[in-house]
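What follows is a short report on a single structure.
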Amino acid sequence: YSFFPGRPTWPSHRRHLTYAFAPENPLSDEVKGVFARAFARWAAVTPLTFSPVESFRTADIRIGFYAGDHGDGEPFDGVLGTLAHAFSPPSGHFHLDGDESWVVSGDLRSAPMAAIDLESVAVHEIGHLLGLGHSSVEESIMFPTITSRTRKVDLAADDINGIQELYGGNPDGNLTPPSTPSPPSVQERDMSRNGAAPRL
Amino acid sequence: HIFPNVSSIPSWLNKTNCAWNQFQKLKGCRPGDRLNGLSNLKTYLKQFGYIPPSPNFTDLFDPLLQSALQTYQTNFNLNVTGLLDDQTLAQIQLPRCGIPDIINNSSSMNSGKPTGHSATHFHSVSH
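Those protein sequence lines, which keep their order, are chains U and S.
So in the numbering used here, spot 94 of the first sequence is number 94, and the numbers just go up one at a time.
So in the numbering used here, spot 10 of the second sequence is number 10, and the numbers just go up one at a time.
In structure tokens form, the structure reads like this:
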């Protein structure tokens, strides 16, 4: 694993992070559930928790699908090539290439050649949002490339070691990551705690 | 384009051509060669941190490109040849994250391992 220069992280008083979707991207609950699962994978092994909010402007993490030049100096390049990018903490910008063929569920082996699994890329980019750089460990989530029609969503030991070096482990121990297709969302789990500090 | 499942992807979206496919024609190119398209490869390698920015890249397979390829091959666990072999070109053409692998020369995805340069050095020990 690696870190960004200077090892930026979310400050210690911010262990609960909110996320929101760009208002110009009307997304179904199913798509939003993909991101919830991706966040939950990192929450399971860290003290961090995540919950969706409506306000894009005030959210800690802002997720949007954009095509071509979208104003951050890193234009997307159409089908395949660059799929997404996310910035180091505490920026919170998470951009996905709107020209890709993002797939939410199903057997990718029978998918067209250009199909990209949305959750796989989301898990990777959240690693960047939390402070991880790329890794040379091919099995890790933070390996920079992904083959189309491939699903890779499970954190590897390399990913867990890296993120726990930045934030420490989950005080409840490493929890079992969510399983697809429909685990409870992070928010749903948080709501079960009677207003206590949100935790998985 | 977000599809709830695989079967909902229309056939007209089944295209795989992307700009990086052009690099396939560079296969076998060697140091000292000048080939149309090498400047685009240098731009690609610059985008991901392997070559420092330059106002205009040439189509010459120069030592800078060779060194960048060696570092790339180290990072991606490929044979460190400094050449545009099949494995390296296949890796380069894969879809990927837009964040650079090397940032400001101070963050490398494979910082704990030797770079291409030192990996190719031969060490011997007498007994």
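Backbone N, C-alpha and C define an ideal beta-carbon position, used for all residues, glycine too.
- Per DSSP, D172/U lies in no alpha helix (DSSP H) segment and is marked neither H nor E.
- 8 angstroms or more divides the Cβ of F3/U from the Cβ of G92/U.
- Bounds of any alpha helix (DSSP H) do not take in L48/U, whose DSSP letter is neither H nor E.
- Separation of the CB atoms of D101/S and H95/U is rounded to 18 angstroms, and the pair is thereby denied contact status at 8 angstroms.
- For D86/S, the closest C-alpha among the options N21/S, S54/S, T58/S is that of N21/S.
- Annotated three-state conformation of I126/U is helix, per DSSP.
- Burial of H124/U is indicated by the presence of at least 16 other C-beta atoms within 10 angstroms of its C-beta.
- It is roughly 26 angstroms from the alpha-carbon of F48/S to the alpha-carbon of F39/U.
- Listed along chain U, the residues sitting closer than 8 angstroms to L94/S by beta-carbon distance are T145, I146, T147.
- Assigned with DSSP and collapsed to three states, T82/U falls in strand.
- Note on D117/U: 16 or more other CB atoms within 10 angstroms of its CB, so buried under the neighbour-count rule.
- Per the DSSP secondary-structure output, V103/U pairs in a beta bridge with D117/U, F3/S.
- For A111/U, a Cβ of chain S is located within less than 8 angstroms of the residue's own Cβ.
- Around the beta carbon of N170/U, 16 or more other beta carbons sit within 10 angstroms, so the residue counts as buried.
- For T150/U, the three-state secondary structure derived from DSSP is coil.
- No residue range can be given for Y1/U, since it is assigned to no alpha helix (DSSP H) and is classified by DSSP as neither H nor E.
- In the DSSP assignment, R41/U falls within the alpha helix (DSSP H) that extends over 29-43.
- Per DSSP, the continuous alpha helix (DSSP H) segment holding D86/S begins and ends at 86-92.
- Its Cα nearest to that of Y50/S, the residue L64/S stands out among L64/S, D59/S, H1/S, L26/S.
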